[in-house]
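2 protein chains.
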Amino acid sequence: MAVTIRDVARASGVHISTVSRTFSAPHLVNPETRSRVLATAEQLGYRPNRAARALITGRTHNIGLIVADIANPFFPPLIKAAETHARRRDYHVFVADTDEDPIVEAELVQALAKQVDGILLCSPRMSDDQIELLRREVPLVVINRLITGLPAVVMDVGQGAREAVLHLLGLGHRHLVYLAGPRGSWTNREIRRAAGATARAAGAELTVLGPNQPVEETGAAAAEAVLGTGATAVFAYNDLMAIGLLQSLQDRGVDVPGQVSVVGIDDIAYSVLVRPRLTTVANPTAAAGRTAVDMLLQHGDDGPAGQVTLRTDLIIRNSTGPGPYAPAVALNAEVAAHVKE
Amino acid sequence: MAVTIRDVARASGVHISTVSRTFSAPHLVNPETRSRVLATAEQLGYRPNRAARALITGRTHNIGLIVADIANPFFPPLIKAAETHARRRDYHVFVADTDEDPIVEAELVQALAKQVDGILLCSPRMSDDQIELLRREVPLVVINRLITGLPAVVMDVGQGAREAVLHLLGLGHRHLVYLAGPRGSWTNREIRRAAGATARAAGAELTVLGPNQPVEETGAAAAEAVLGTGATAVFAYNDLMAIGLLQSLQDRGVDVPGQVSVVGIDDIAYSVLVRPRLTTVANPTAAAGRTAVDMLLQHGDDGPAGQVTLRTDLIIRNSTGPGPYAPAVALNAEVAAHVKE
DNA sequence: CTGAAAGCGCTAACAA
DNA sequence: TTGTTAGCGCTTTCAG
Numbered sequence: 001m002a003v004t005i006r007d008v009a010r011a012s013g014v015h016i017s018t019v020s021r022t023f024s025a026p027h028l029v030n031p032e033t034r035s036r037v038l039a040t041a042e043q044l045g046y047r048p049n050r051a052a053r054a055l056i057t058g059r060t061h062n063i064g065l066i067v068a069d070i071a072n073p074f075f076p077p078l079i080k081a082a083e084t085h086a087r088r089r090d091y092h093v094f095v096a097d098t099d100e101d102p103i104v105e106a107e108l109v110q111a112l113a114k115q116v117d118g119i120l121l122c123s124p125r126m127s128d129d130q131i132e133l134l135r136r137e138v139p140l141v142v143i144n145r146l147i148t149g150l151p152a153v154v155m156d157v158g159q160g161a162r163e164a165v166l167h168l169l170g171l172g173h174r175h176l177v178y179l180a181g182p183r184g185s186w187t188n189r190e191i192r193r194a195a196g197a198t199a200r201a202a203g204a205e206l207t208v209l210g211p212n213q214p215v216e217e218t219g220a221a222a223a224e225a226v227l228g229t230g231a232t233a234v235f236a237y238n239d240l241m242a243i244g245l246l247q248s249l250q251d252r253g254v255d256v257p258g259q260v261s262v263v264g265i266d267d268i269a270y271s272v273l274v275r276p277r278l279t280t281v282a283n284p285t286a287a288a289g290r291t292a293v294d295m296l297l298q299h300g301d302d303g304p305a306g307q308v309t310l311r312t313d314l315i316i317r318n319s320t321g322p323g324p325y326a327p328a329v330a331l332n333a334e335v336a337a338h339v340k341e
Numbered sequence: 001m002a003v004t005i006r007d008v009a010r011a012s013g014v015h016i017s018t019v020s021r022t023f024s025a026p027h028l029v030n031p032e033t034r035s036r037v038l039a040t041a042e043q044l045g046y047r048p049n050r051a052a053r054a055l056i057t058g059r060t061h062n063i064g065l066i067v068a069d070i071a072n073p074f075f076p077p078l079i080k081a082a083e084t085h086a087r088r089r090d091y092h093v094f095v096a097d098t099d100e101d102p103i104v105e106a107e108l109v110q111a112l113a114k115q116v117d118g119i120l121l122c123s124p125r126m127s128d129d130q131i132e133l134l135r136r137e138v139p140l141v142v143i144n145r146l147i148t149g150l151p152a153v154v155m156d157v158g159q160g161a162r163e164a165v166l167h168l169l170g171l172g173h174r175h176l177v178y179l180a181g182p183r184g185s186w187t188n189r190e191i192r193r194a195a196g197a198t199a200r201a202a203g204a205e206l207t208v209l210g211p212n213q214p215v216e217e218t219g220a221a222a223a224e225a226v227l228g229t230g231a232t233a234v235f236a237y238n239d240l241m242a243i244g245l246l247q248s249l250q251d252r253g254v255d256v257p258g259q260v261s262v263v264g265i266d267d268i269a270y271s272v273l274v275r276p277r278l279t280t281v282a283n284p285t286a287a288a289g290r291t292a293v294d295m296l297l298q299h300g301d302d303g304p305a306g307q308v309t310l311r312t313d314l315i316i317r318n319s320t321g322p323g324p325y326a327p328a329v330a331l332n333a334e335v336a337a338h339v340k341e
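So the protein sequences, as listed, match chains A and B.
With the first letter of the first sequence counted as 1, position 3 gets the number 3 in the UniProt record's numbering; the numbers rise by one all the way through.
With the first letter of the second sequence counted as 1, position 301 gets the number 301 in the UniProt record's numbering; the numbers rise by one all the way through.
Printed below as a string of structure tokens:
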């Protein structure tokens, strides 16, 4: 089999515990001995067996990352950032995909629990109670959801939604559609709440269409319904749906943003690849991934769990344009004041 | 700490080895005893510690999956398929991203080697020698690359390239551009070779532009160069580049496919989201992911490594149209005969 | 600073 | 069918 600590000990003429120390507590070993051990280890190609180490230290140096759908372009940048950041801290990341299914999600947490030092739950679809139960089995950090007492990093989609609605209002739109996301999504609730409050405060109408699976197809399929409402602007749960809608509207001969304005959320890479380029609320997914890893690894150091909120940014591109009403130039500030809670 | 095999043994009044057997060789234990053990295990919430098990069996039940860039939409469907398929066989998947860097790639293999039962190398950028060295440390299955003696699953991009070029030729194009992919990519070499041979056999011209990083930006940046060649059709290393080029051409007022035809490879989800919809060679990425997992897990059973080639399919959409020459209706069959080696 | 010894949680012969 | 006995490769007291 592979070369073990014993081989190194023998080859360098010391006891295995000295070899062990050389790797896990170098300062406790004589510099000369240390370099000799290191040299033979190097030469033999020795690499500590993490499973064995985990057995005794109780730390696996693995992290679990559970996402709703790897194929959704929202996740890859987050996964990538988390993985790279974790690796830099000598951790490996297990990635698992739940296919948007809360049952699978719970099973995955259980399956991974003993294999990892903690799990990053990204956009979980489980109920709060469910998560509450699971957190006893394994340290959890939740991304894109707020649960009392649980460490979390969320992207402030509420603020983003508010800005987006204000943007639309300022453009002269008075009847908006919110093309909702999936049931069980905290993000979806946040957006809906914030968008609703903002529209209401301005005396504008907001029609909610949904819930929907957060994929292009549902966006495209919603075109008829959107047109049926008579609204002149649509705010979608994510860019995927916004893009699906955008293309579907254009395929029907509806001009965007001439007749209908469309705004998305996430700022996925493809939002600049469609024409018109998509106006959207940028989510700091990479930062969220890194932050979540940090929170998980600090877990225990600073007692009670923190909750970090990351800023979002409205990026105005070409899928939004003037609405049928007079541009409410002063509206932005005015409404903002109202809305500020 | 967590509940161990000893707790279960005590609680159910048997020896730990009986508990062990209940889980790893159920048929060797009395049905009554078994159900009793199972019941207490269930009740105590016992879950075998995989690290401990791995230590003795030598099998971690983990698989490593190394990809060039998670954020490249080519990979997520493959990752997802591999992960789901592996999980069904009770394996977990470590996903790692190399950022297209062969050095990082090699380091990752080494780091993961002891943690996993094998590694799936997807579109590796390393040299053959490098990979040859690494395969001694850990079982490897390579995706999208052929290396003598190494199990591999490849998507037949050569055939796809041939079909694509024939399609273009049949449309009346005689001067094509191949917008190349990254250096070190086997896929890139295959495409180039097949496309070149096919064009040559038909007496058409093929200009190669590259190598390039396989991202939208380079596709967009290549617009000028493409126009400069005077070619009327472009075949890109992947959809990302094709889409970047497509939009960049349109932004310059060049009609696609009116003036220039564009075809990509991969058939990523976004290829139908752009207008015109992209003509492309569909790669069976999900099947590749599943097949690779199977090959890795069968490793050893059937001795020498197999090499599986998966079919690709040309999907004709709207980014390709008539070229300046007479449509060579009969050309397809004719050239195909020539090209068939 | 280094060696000896005792396990981490589990499996795998071997006996009984 | 079940219990006993060794470890897997490593860390961690505790002596020396």
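Cβ atoms here follow ideal geometry from the backbone N, Cα and C, with glycine treated the same way.
Quick caveat: nothing in here was measured; it's all calculated off a predicted structure.
Simplified DSSP state of B:Ile268, which is helix, strand or coil: coil
Counting only the same chain and skipping the five closest in sequence on each side, list residues whose C-beta sits under 6 Å from that of B:Arg174. Ala204, Tyr325
For a cutoff of 8 Å on Cβ pairs, would you count A:His92 as touching chain B? yes
Is it buried or exposed, residue 400 of chain B, if we count other Cβ atoms within 10 angstroms and call 16 or more buried? For residue 400 of chain B there is no data in the structure shown, the boundaries of chain B being 1 and 341.
Could you check whether B:Asp239 and B:Ser261 sit closer than 8 Å to each other, using their CB atoms as the reference points? No.
Keeping to the same chain, check which residues put their C-beta closer than 7 Å to that of B:Val8; ignore five residues upstream and five downstream. Val19, Val37, Thr40, Ala41, Leu44, Tyr46
Please work out which residues of its chain come closer than 7 Å, Cβ to Cβ, to A:Ala333, disregarding the five sequence neighbours upstream and downstream, and give them in chain order. Summary for A:Ala333: the model assigns pLDDT 48, below 50, so the residue's position carries little reliability, and this model does not support an answer.
Taking the DSSP output, what are the residues bridged to A:Ala152? A:Val142, A:Gln307
At least 3 beta-carbon pairs within less than 8 Å: the stretch 211-218 of chain B vs the stretch 231-246 of chain B: yes
Per-residue DSSP class, three states only, for A:His173: Correct three-state label for A:His173: coil.
Show which residues of chain B have a CB atom less than 7 Å away from the CB atom of A:Asn49. Under the 7 Å cutoff, chain B gives Lys114.
Are the C-beta of A:Asp97 and some C-beta of chain B separated by less than 8 Å? yes
Could you check if B:Ser185 is buried or exposed, using at least 16 other CB atoms within 10 Å of its CB as the buried criterion? buried
Spell out a yes or no on whether the stretch 245-259 of chain B and the stretch 189-209 of chain B are touching, meaning 3 or more CB-CB pairs, one atom from each, closer than 8 Å. no
Let me know the secondary structure DSSP gives A:Val339 once reduced to three states. Low per-residue confidence applies at A:Val339: pLDDT is 42, beneath 50, and the placement is therefore not dependable, though the value from the model is reported in the following sentence. In this structure, A:Val339 counts as helix in the three-state DSSP scheme.
If A:Leu176 sits next to A:Val165, beta carbons under 8 Å apart, how far is it from one beta carbon to the other, in whole angstroms? 7 Å
Could you compute how far the alpha carbon of A:Ile63 sits from the alpha carbon of A:Leu112? 9 Å
Within the stretch 12-77 of chain B, note down every full beta strand (DSSP E) run reaching 3 residues or more, in order along the chain. 62-67
Contact set between A:Val19 and chain B, taken where Cβ atoms lie within less than 9 Å: Those within 9 Å of A:Val19 in chain B number zero; the least Cβ separation is about 16 Å.
For A:Leu209, write down the residues that DSSP places opposite it in a beta bridge. A:Leu179
Against chain A: residues of the stretch 213-243 of chain B by CB proximity under 8 Å: Glu216, Ile243
Using a threshold of 8 Å, state whether the C-beta atoms of A:Val154 and A:Arg145 are closer than that. yes
Quick one: is A:Gly219 buried, meaning 16 or more other Cβ sit within 10 Å of its Cβ, or exposed? buried
Which residues of chain B have a Cβ atom closer than 9 Å to the Cβ of A:Arg275, listed in chain order? Per Cβ cutoff of 9 Å: Gln247, Gln250, Asp251, Val274, Arg275.
If you run the structure through DSSP and keep just helix, strand and coil, what is A:Leu331? Because A:Leu331 sits at a pLDDT of 49, beneath the cut-off of 50, its placement in the model cannot be relied upon, and the following sentence gives the value as read from the coordinates. Residue state, collapsed to three classes: helix.
Taking Cβ-Cβ distances below 9 Å as the criterion, which residues of the stretch 62-89 of chain A are in contact with chain B? Asn62, Gly64, Leu65, Asp69, Ile70, Ala71, Asn72, Pro73, Phe75, Pro76, Pro77, Ile79, Lys80, Glu83, Thr84, Arg87
Apart from the five residues just before and just after B:Asp97, which ones in its own chain have a Cβ nearer than 7 Å to its Cβ? Val67, Asp69, Ile70
Rounded to whole angstroms, what's the CA-CA distance from B:Val95 to B:Asp294? Just pull it up for me. B:Val95 and B:Asp294: Cα-Cα distance of roughly 17 Å.
Assigned exposure category for B:His167 - 16 Cβ within 10 Å defines buried: buried
Identify, in the order they occur along the chain, each residue of the same chain with its Cβ nearer than 7 Å to the Cβ of A:Arg34, setting aside the five sequence neighbours on each side. Closer than 7 Å at Cβ, skipping near neighbours: Thr22, Pro26.
Cβ of A:Thr60 within 8 Å of any chain B Cβ: yes
Can you list the beta strand (DSSP E) stretches of 3 or more residues lying completely in the stretch 107-135 of chain A, in chain order? 119-122
Please classify A:Ala242: does DSSP put it in a helix, a strand, or coil? helix
Roughly how many whole angstroms lie between the Cα atoms of A:Gly118 and A:Leu134? 11 Å
Is B:Gly323 near B:Leu171, with beta carbons less than 8 Å apart? yes
Can you give me the C-alpha to C-alpha distance between A:Arg10 and A:Ile16, rounded to a whole angstrom? 8 Å
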